[in-house]
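Position 272 of the sequence shown, counted from 1, bears residue number 273 in my numbering, the numbering being contiguous throughout.
Ideal placement from N, C-alpha and C gives every residue a C-beta, glycine not left out.
Structure first, then comments.
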Amino acid sequence: KTHYNLPIPQTSIIKFTFTYIIPTYCPRKHQDPSAQGRRMSPSMIASVVEEENKKYQRGVKHLCDKGLTRVPTKYILPEHDRPIFTKSDRLIKPKQNLKLPIIDFAELLGPNRPHVLRSIAEACKTYGFFQVVNHGMEGDVSTNMIEVCKRFFELPYEERSKYMTSDMSAPVRYGTSFNQSKDNVFCWRDFLKLFAHPLPDYLPYWPSSPSDFRSLAATYAKETKELFKMMVKAILESLEIDGDKDEAAEELEEGSQLVVVNCYPPCPEPELTLGMPPHSDYGFLTLLLQDDVEGLQILYRDEWVTVEPIPGSFVVNVGDHLEIFSNGRYKSVLHRVLVNSTKPRISVASLHSFPLTSVVKPSPKLIDEQNPPQYMETDFATFLQYVSSREPKWKNFLESRKIHHTR
């Protein structure tokens, strides 16, 4: 097992003649009456706190399986961060949904390609997101992936926990929240992260249970990699860069791929927490597969709006690396995930970018005297160092790479 060096949360302690009086931990502020006045030694206090931390480190699925009727304090967001509010603190409407631009991938292969490229450029500038239909992937590939991932999260905790580690560079990582070693408030989410390229190098480390997990997930990873390659050429062409000759295109074709499976169990009080906090994706492009349960929201014109799932489609979003590469022409956009009280939700994000050893920088073809570089060079090691020392939320990492020009 991995041992986490986690900060011990502050607990109310009253000193009284060489002993400590501590209320037994209960969610919110409702304390167990039988615990009032109970004297505990410092070692007992540390033991209680450690046990509470262990409980949350096991994940929200484990908590839900034990039975919950209220959201534990560890998951309750400050009021201004809760999902009932927009960025400007105005109440959202119960059904404020957004239909993202739809890109018909089949049209990219025909005479309408110039029109589709203009649509991609507009979507990347305005939304940072679009949905792709008619992408050529067989329906059973995505259906099988969602189904086998559901079965993985239904495995006993002891089986899932085999892959639990705090090592962010591990080939397989099972965990909870957003960054469980740094999050002050936990998210209502468990995840399984799989490095997927080169696939033969990583596949032996992937879960062997369910028995068909590796084969189905490997097929899905290969198919999404091919779709990404075609998307890269279209993205570069929309930036007026020849994708067949550009060095970056070659790097991206053999670049990194991380498959992230997200599990959001039903939440008894979904208005108090989030499945994922506002963040942008680290990487070049993310291809997101969703089941039929709504949850994804993007920040559009300072309002949080829900993205309607389209059966058989992929949600594609601009990552921080594409914003850097495009020198700010295309924007990675903040998004978050809502949870609900009735249905579990599964999504599979395939994050693609340059090789982990590559330096990411603005394309020289998009820089001139009128358009100086807007971002510093960066790499995966810099990102890991950043997220290992703080909560990687909002667009903080990307902001740290910006160049502030003076006139």
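Among the options, the one whose alpha carbon lies nearest that of residue i
i      : options                           : result
Thr307 : Leu259, Arg119 and Pro84          : Pro84
Ile347 : Trp305, Val294, Val316 and Arg302 : Val294
Phe326 : Ile299, Pro373 and Ala124         : Pro373
Lys234 : Glu139, Leu253 and Ala219         : Leu253
Gln457 : Thr274, Asp282, Glu272 and Val261 : Nothing about residue 457 can be reported from this structure: the residues present for the chain run from 2 to 408 only.
Glu155 : Ala197, Pro79, Phe106 and Leu193  : Leu193
Trp305 : Pro279, Glu324, Tyr283 and Leu289 : Pro279
Ser239 : Ile299, Phe196 and Leu323         : Leu323
Thr343 : Ser354, Asp66, Cys268 and Glu370  : Cys268
Leu200 : Met232, Arg215 and Tyr57          : Arg215
Phe153 : Ser314, Ser209, Ser170 and Asp105 : Ser209
Ser143 : Leu399, Leu217 and Val338         : Leu217
Ile77  : Met277, Val334 and Tyr387         : Met277
Ala122 : Thr74, Gly329 and Val338          : Gly329
Ile147 : Tyr387, Met138, Ala249 and Tyr221 : Tyr221
His353 : Met232, Asp105, Tyr265 and Glu108 : Met232
Val349 : Tyr265, Ile236, Leu110 and Lys366 : Tyr265
Ala249 : Pro365, Cys188, Gly68 and Gln371  : Pro365
Cys188 : Ile311, Gln58 and Met138          : Gln58
Pro312 : Lys403, Glu370, Thr383 and Met138 : Met138
Residue i Cβ short of 8 Å to the ligand ATP heavy atom set
i     : result
Asp82 : No copy of the ligand ATP appears in this structure; indeed no ligand is present at all.
Cα-Cα separation, residue i to residue j
i      : j      : result
Pro356 : Thr70  : 45 Å
Ser167 : Ile242 : 39 Å
Arg91  : Glu255 : In this prediction, Arg91 has a pLDDT of 39, which is less than 50 and means its spatial position is unreliable; nothing more can be read from the coordinates.
Val1   : Thr379 : A query on residue 1 cannot be resolved here, the shown segment of the chain reaching from 2 to 408 and no further.
Gln375 : Lys396 : 15 Å
Leu275 : Pro112 : 43 Å
His405 : Met377 : 10 Å
Asn263 : Thr127 : 27 Å
Ala219 : Asp82  : 37 Å
Pro79  : Leu385 : 27 Å
Leu273 : Arg190 : 14 Å
Lys96  : Leu300 : For Lys96, the predicted structure reports a pLDDT of 47, less than 50, and the residue's modelled location is therefore unreliable. A value from the coordinates is still provided. Lys96 and Leu300: Cα-Cα distance of roughly 15 Å.
Lys2   : His136 : With a pLDDT of 42 at Lys2, under the threshold of 50, the modelled position of that residue is not reliable, and no figure is offered here.
Cys125 : Lys332 : 6 Å
Asp66  : Ile368 : 54 Å
Cys150 : Tyr206 : 16 Å
Asp247 : Pro363 : 13 Å
Leu101 : Arg114 : 19 Å
Met41  : Lys56  : 20 Å
Phe229 : Gly140 : 17 Å
Tyr283 : Phe398 : 9 Å
Leu289 : Pro43  : 47 Å
Ser170 : Ala197 : 12 Å
Phe106 : Gly129 : 17 Å
Ile104 : Ser120 : 8 Å
Met165 : Val72  : 23 Å
Lys75  : Ile236 : 41 Å
Arg302 : Pro211 : 43 Å
Gln371 : Lys403 : 17 Å
Where the alpha helix (DSSP H) through residue i begins and ends
i      : result
Tyr203 : Leu200 to Tyr203
Arg119 : Arg114 to Thr127
Met169 : Element bounds for Met169: n/a, residue is neither H nor E.
Leu352 : Counting along the chain, Leu352 falls outside any alpha helix (DSSP H), though it belongs to the beta strand (DSSP E) covering Arg346 to His353.
His322 : Asp321 to Phe326
Cys268 : From DSSP, Cys268 is part of no alpha helix (DSSP H); its letter is neither H nor E.
Ile147 : Gly140 to Phe154
Val61  : Val61 to Lys67
Tyr301 : Here Tyr301 belongs to no alpha helix (DSSP H); instead the beta strand (DSSP E) covers Leu297 to Tyr301.
Residue range of the beta strand (DSSP E) that includes residue i
i      : result
Gly176 : Val173 to Thr177
Ile236 : First-last for Ile236: Phe214 to Ser239, but that is the alpha helix (DSSP H), not the beta strand (DSSP E).
Lys194 : Asp191 to Phe196
Glu400 : Premise fails: Glu400 lies in the alpha helix (DSSP H), Asn397 to Ser401, not in any beta strand (DSSP E).
Arg337 : His336 to Val338
Glu309 : Unbroken run through Glu309: none, as it is neither H nor E.
Leu253 : Per DSSP, Leu253 belongs to no beta strand (DSSP E); it is in the alpha helix (DSSP H), Glu248 to Glu254.
Leu288 : Leu286 to Gln291
Contact belief for residue i with residue j at Cβ below 8 Å, rounded distance in angstroms
i      : j      : result
Leu297 : His336 : 6 Å
Pro271 : Val186 : Contact doesn't hold; Cβ gap of about 15 Å is too wide.
Val316 : Gln132 : 6 Å
Asn98  : Glu251 : The pair is not a contact, with the Cβ atoms about 39 Å apart (cut-off 8 Å).
Gln258 : Ser351 : 7 Å
Ser314 : Val117 : The Cβ separation is near 15 Å, so there is no contact.
Ser281 : Val334 : 7 Å
Pro172 : Tyr203 : 5 Å
Chain C contact for residue i (CB, 9 Å cutoff)
i      : result
His136 : The question asks about chain C, but that chain is absent: this structure has only one protein chain.
Should the region 211-229 be called in touch with the region 161-172, which here means at least 3 C-beta pairs below 8 Å?
Fewer than three beta-carbon pairs drawn from the region 211-229 and the region 161-172 are found closer than 8 Å, and the two stretches are therefore not classed as touching.
Could you tell me whether the region 58-75 touches the region 169-189, where touching means 3 or more Cβ pairs closer than 8 Å?
yes
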